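Reviewing the structure listed below.
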Amino acid sequence: MKLENRLLTESEIADGLAELSGWTVEKGKIAKRFQFKTYKDGLVFGLAVGHVADLLNHHPEIEVGYAKVRISVDTHSVGGLSPFDLELARRIDRLGK
2 MKLENRLLTE
12 SEIADGLAEL
22 SGWTVEKGKI
32 AKRFQFKTYK
42 DGLVFGLAVG
52 HVADLLNHHP
62 EIEVGYAKVR
72 ISVDTHSVGG
82 LSPFDLELAR
92 RIDRLGK
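All letters in the sequence shown, in the order written, are residues 2 to 98 by this note's numbering.
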């Protein structure tokens, strides 16, 4: 899928989520919860997500709790989900591998 600033169709969202593990649509955003052994592990992961997001110039909401991190993202400029959201989710998932 070409990275462009446009609203995805419901079909494109469904297809994109089918390629990702654990990501769901929540209140118009795609979101995923990650679990870690320690608070520090989650914090380091959150920082890594921030770095990856900055490289893409597409910034998610990052909530860090005790040994858990919740990521949610949408594209404000299109009023919903864009190809950038799915690409960021792919890149975030690669951090955990």
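For every residue, glycine included, the Cβ atom is placed at its ideal position computed from N, Cα and C.
Here the structure is a predicted model, which means the values were calculated and not measured.
Residue interval of the beta strand (DSSP E) (run including residue i)
i: K69; result: 69-74
i: R91; result: First-last for R91: 84-96, but that is the alpha helix (DSSP H), not the beta strand (DSSP E).
i: E64; result: 62-66
Beta-carbon proximity of residue i to residue j, cut-off 8 Å
i: L89; j: V79; result: no
i: A32; j: I72; result: yes
i: L96; j: A49; result: yes
Where residue i falls, given that 16 or more other Cβ within 10 Å makes a residue buried
i: A15; result: exposed
i: H77; result: exposed
message: For the segment 8-22 against the segment 55-64, do three or more pairs of beta-carbon atoms, one drawn from each stretch, fall closer than 8 Å, so that the two count as touching?
response: Result no; under three Cβ-Cβ pairs closer than 8 Å.
query: If you scan the segment 16-42 from start to end, which runs of the beta strand (DSSP E) of 3 or more residues do you find wholly inside it?
result: 25-27, 30-36
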